[in-house]
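Accompanying notes for the structure given below.
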Amino acid sequence: MNSPRLVDLFLGFIRVGATAFGGPAMIPHVRKLVLKNRWFSEAEFRTGVAICQMIPGATVMQLAAYVGMKTRGFLGAIASFAGFGFPAFLMMIVLSSLYFHTREINWIIKLFSGLKVIVVAIVLHGAIDFAKRYTNHIWEQLIAFLAGVAFFFHLPPPVVLVFAAVVGIYLFRKDLRTSDCVVDNHSRVSKNIITRILGPIVATLICIAVVAFLMSLSPSLGSLATTMAKIDIVAFGGGFAALPIMLHTVVQKGWMNIETLLDGIALGQLTPGPIVITSVFIGFHKEGIWGAVIAAFGTFSPSFLILLWATVLSDLWLYHWIAQAIFRASLATLSGLMAAMAAMLIVKASWDISGIILATLAFLALQASVDIIWVILSGSVLWTLWNLFSK
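Numbering of the sequence shown is given in our numbering, commencing with residue 42 and proceeding in unit increments.
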């Protein structure tokens, strides 16, 4: 396997992050990046997906950090995580600035409206690709179906995951007790565990020091960071579960009214980042550019720390059949989530002939392995031309 340079990780995930409009549906594109460059094996990638599914934070953004952590350690995790999040952060800064200077987002929404039908195609393609790879057994398909139904009716993701893990341990116990381990061998994963744990320790201490410094420098900045950190802790699956808490907390604190915050959420959905990127909008409104930076730090640092610890500590028990059963069930639930997302987007979208044609062309292009960045760019151009010449 190849060991990537830090700059390769950063630039590789900037490219993925700039096109990550489909949330978990971007996992196949991360897989393509990892396997094409031979950064690590299919088995390790599958394990990483399962780990990222079970912890708070945006699944694909966490997966980027996992790839960096497994290939280049602590610095690799930072490079990958920052690279993935940078495009959405930068776009949210620009959109927030435009919004608070013009107080008008309708023209922005119209400009990006073509992305909505392209996102439907991305999510549907991702759901099909994921199901083909990770739900080949009848029990995996059953878990995926039940999880999809649960997600469709808005059951909390942690509850669904815990239930799936228990069911998975029971259903897969006979297959996995005598199977090969997920990783290559037990001795390899447990080797140098003390050295590898230094990265998470350093990162945790740095985050604590930054929060302490902010609290001493400005209680307002410190409060912004800690509030966003509390929201991040419950941001499973990209953060939709955290939205009610974000709405309640921000409005209750008097940082902005609910109408403005809903505009910020709408803008957040125009970016390729997770829904909790709305925190940048909140921070920009409260404290300007520095507020946006600190809000982003508060929003993403807790889940990043959890990922670091989960990656290292999982190696201590990954070889056990119970861990494999849990990971297998987790992958099935993620497949169900992606299918539920595709169904909800298809049902809720306002379809017309132009949207149907664009979504179909985008889906066929993705099925034909056309690079997603070209699908998004060409689809946006076609949508703009259609709207110009149809008037």
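Virtual Cβ for every residue (Gly too), placed ideally from N, Cα, C.
Among the options, which has the Cα closest to the Cα of residue i?
| i | options | result |
| --- | --- | --- |
| M385 | F115, L76, A162, G117 | A162 |
| F204 | L288, G263, L418, A366 | A366 |
| V53 | S121, T245, L116 | Residue identity differs from the one stated: residue 53 is Gly in this sequence, not Val. G53 has its Cα closest to that of S121, out of S121, T245, L116. |
| S264 | I299, G324, V353 | G324 |
| T14 | V48, M133, D412 | Beyond the ends of the chain as shown, which are 42 and 432, falls residue 14; an answer cannot be given. |
| F141 | A191, P343, A172, G305 | G305 |
| C93 | A400, T374, A380, G420 | T374 |
| S29 | N428, R72, I413 | Shown here, the chain extends from 42 to 432; a query on residue 29 therefore has no answer. |
| L202 | G189, L156, F213 | G189 |
| A185 | A168, P197, I96 | A168 |
| P198 | Y211, A129, E85, T100 | T100 |
| E85 | S342, R72, E181 | R72 |
| F81 | A61, N43, A91, T60 | N43 |
| H178 | I413, L246, S376, Q408 | S376 |
| P128 | A91, F194, H195, F51 | F51 |
| M102 | S342, I286, R46, V292 | S342 |
| A337 | A105, L262, I413, L418 | L262 |
| F130 | A106, I330, L74 | I330 |
| A172 | G332, L378, V411, F213 | L378 |
| G58 | G89, S419, A106, I397 | A106 |
| V90 | S419, L346, L74, V108 | V108 |
| G332 | S259, T425, A351 | S259 |
| V388 | E83, F193, M110 | F193 |
| I242 | I347, L311, L402 | I347 |
| R174 | L372, A390, L418 | L372 |
Please say whether residue j and residue i have beta carbons closer to each other than 8 Å?
| i | j | result |
| --- | --- | --- |
| G314 | T268 | no |
| A370 | V208 | yes |
| G98 | I55 | no |
| P65 | D170 | no |
| A406 | V416 | yes |
| K271 | W296 | no |
| V240 | G126 | In the sequence on display, residue 240 carries Gly and not Val. No, they are not a contact pair. |
| L349 | A266 | no |
| S344 | I119 | no |
| L139 | F62 | no |
| V158 | A307 | no |
| A383 | V48 | no |
| V291 | L303 | no |
| V353 | I238 | yes |
| T112 | F368 | no |
| I413 | T60 | yes |
| S137 | V317 | no |
| H166 | Q408 | yes |
| L255 | I335 | yes |
Does any C-beta atom of chain D lie closer than 8 Å to the C-beta of residue i?
| i | result |
| --- | --- |
| K77 | This model lacks chain D altogether, as it is built from one protein chain only. |
Determine the DSSP secondary structure at residue i, reduced to helix, strand or coil.
| i | result |
| --- | --- |
| F368 | helix |
| R72 | helix |
| P241 | helix |
| G314 | coil |
| R56 | helix |
| D393 | coil |
| L196 | coil |
| A61 | coil |
| V201 | helix |
| R214 | helix |
| T219 | For T219, the predicted model reports a pLDDT of 49, less than 50, meaning its position is unreliable; a value from the coordinates is still stated below. Correct three-state label for T219: coil. |
| R79 | coil |
| S259 | coil |
| H361 | coil |
| K157 | helix |
| L429 | helix |
| F254 | helix |
| N226 | With a pLDDT of only 46 at N226, under the threshold of 50, the placement of this residue in the model should not be trusted; the figure read from the coordinates follows. Coil, per DSSP. |
Looking at the unbroken alpha helix (DSSP H) that takes in residue i, where does it start and where does it end?
| i | result |
| --- | --- |
| W296 | Premise fails: W296 is in no alpha helix (DSSP H) and is neither H nor E. |
| T176 | It is not in any alpha helix (DSSP H) - T176 carries neither H nor E in the DSSP assignment. |
| P45 | Run containing P45: none; DSSP gives neither H nor E here. |
| A409 | Careful: A409 lies outside any alpha helix (DSSP H) and carries neither H nor E. |
| A66 | It is not in any alpha helix (DSSP H) - A66 carries neither H nor E in the DSSP assignment. |
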